[in-house]
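**Q** Would you mind keeping the following structure in view while I ask a few things?
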């Protein structure tokens, strides 16, 4: 787990200047995010217990029942959307077929008009 220099001073009981001096000498390694607690344990053997009440867990918490229900609802709604799209495409195809079947071919239309205008 990565901690800040301030948190490292709380865990080790050392001053900030001591931590910075150990980083400068190479005894501790500071990454861009902070200091790894494993390095603190290697250098100082033992850390003080978490007295601030902070939780330093970086892993994802388990999914709650409510979150699982929401995920199920999203999946159900996505399935419904796909089904509705399929139905809409089918309906559109049927309507186009009906319209095409109702259209009168131009040859028949011209013969009907010619009889009317005689």
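Residue numbers (our numbering): 36 to 153.
Think of the CB as a built atom: it goes at the ideal place given N, C-alpha and C, for glycine as much as any other residue.
Of the choices 79, 45 and 42, whose alpha-carbon is the least far from that of residue 57?
**A** 79
**Q** For residue 48, I'd like the list of residues in its chain whose CB is within less than 8 angstroms of its CB, leaving aside the five on either flank, ordered along the chain.
**A** Residues of the same chain with a CB within less than 8 angstroms of the CB of residue 48, apart from the 5 flanking positions on each side, are 83 in chain order.
**Q** Compute the Euclidean distance between the alpha carbons of residue 40 and residue 70, then round it to the nearest angstrom.
**A** The straight-line gap from Cα to Cα measures roughly 7 angstroms.
**Q** In three-state terms, what does DSSP make of residue 157?
**A** Because the chain spans 36 through 153 in this model, residue 157 falls outside it and cannot be assessed.
**Q** Would you check if the distance between the CB atom of residue 36 and the CB atom of residue 66 is smaller than 9 angstroms?
**A** no
**Q** For residue 70, which beta-bridge partners are listed by DSSP?
**A** Its beta-bridge partners are 38 and 65.
**Q** Should residue 54 be labelled buried (16 or more other beta-carbon atoms within 10 Å of its own) or exposed?
**A** The residue is buried, with at least 16 neighbouring Cβ atoms inside 10 Å.
**Q** How long is the line joining the alpha carbons of residue 124 and residue 105, rounded to whole angstroms?
**A** 29 angstroms
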